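Take a look at the structure set out below.
This is the structure we're talking about:
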């Protein structure tokens, strides 16, 4: 990651997300509803729903709110039906951007996403235009100072397929999405606590941005993330600053 600390970049992303906590409940509720509708309301038989409920707990969402939205999704209560849509595009300096949305109005959502891209210097692309630059995987990131040998032993034994130590001392564990729960449970059992644990779209390369380009890219990302229908934004920009 030439010129940029992987750990600093992840912390920057996490910090920006923390600033947008007001949207967390809305996003988690939509994730719960889609997961329950697709895989059923039984948390023990639906890994995606389990992960969504854990996100809800981390966001201090009341249990009755979680249950009510599972019931809505599985037909026990009347509710809104959301569909998942992914958009791909380009940001400043040709940086690749993936925008995952959940919406009850596809026409509204694409118009808003396209407007955000064009207003802030990006371009909405076609399906598949940038997705090849990302890997769908489970990702665990440990702060500098964690024991590399211990993390590696536990993670690989549990089914992880890659452990990467950054020049800054951070440790990144990658696995297939289906192995995420097994790896996470093994790390927890070994008292190894990652700063980030998620199933994500991980960029295979990065575009370094600084100065005005970095500021413009951050404005573009903020505009997209602030849209009501946006769940997640993945990109390969390393933003300096």
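Numbering (the numbering used here), first residue to last: 8 to 248. C-beta: ideal position from N, C-alpha, C; glycine also. If you're wondering where the values come from, they're calculated on a predicted model, not measured in any experiment.
- Cβ-Cβ distances below 7 Å link residue 204 to 147, 191 in the same chain, with the five nearest sequence neighbours on each side left out; the list follows chain order.
- Under DSSP, no beta-bridge partner is assigned to residue 212.
- Taking a 10 Å sphere around the C-beta of residue 103, we find 16 or more other C-beta atoms and assign the residue as buried.
- Among the bridge pairs identified by DSSP, residue 94 is matched with 106.
- Nearest in C-alpha terms to residue 200, of all of 31, 158, 111, is 158.
- Per DSSP, reduced to three states, the secondary structure at residue 152 is coil, with no helix or strand assignment.
- By DSSP's assignment, residue 145 forms a beta bridge with 182, 206.
- For residue 169, the enclosing beta strand (DSSP E) begins and ends at 169 to 172.
- The three-state secondary structure of residue 199, taken from DSSP, is coil.
- Here the alpha carbon of residue 167 sits roughly 19 Å from the alpha carbon of residue 176.
- In the DSSP assignment, the residues bridged to residue 131 are 96.
- Minimum Cα-Cα distance from residue 173 among the listed residues 43, 182, 154, 163 corresponds to 154.
- Straight-line spacing of the CA atoms in residue 106 and residue 152 works out to 33 Å.
- A straight line joining the alpha-carbon of residue 54 with that of residue 46 spans about 9 Å.
- Per DSSP, the continuous alpha helix (DSSP H) segment holding residue 229 begins and ends at 218 to 232.
- The alpha-carbon of residue 242 is positioned some 8 Å away from that of residue 209.
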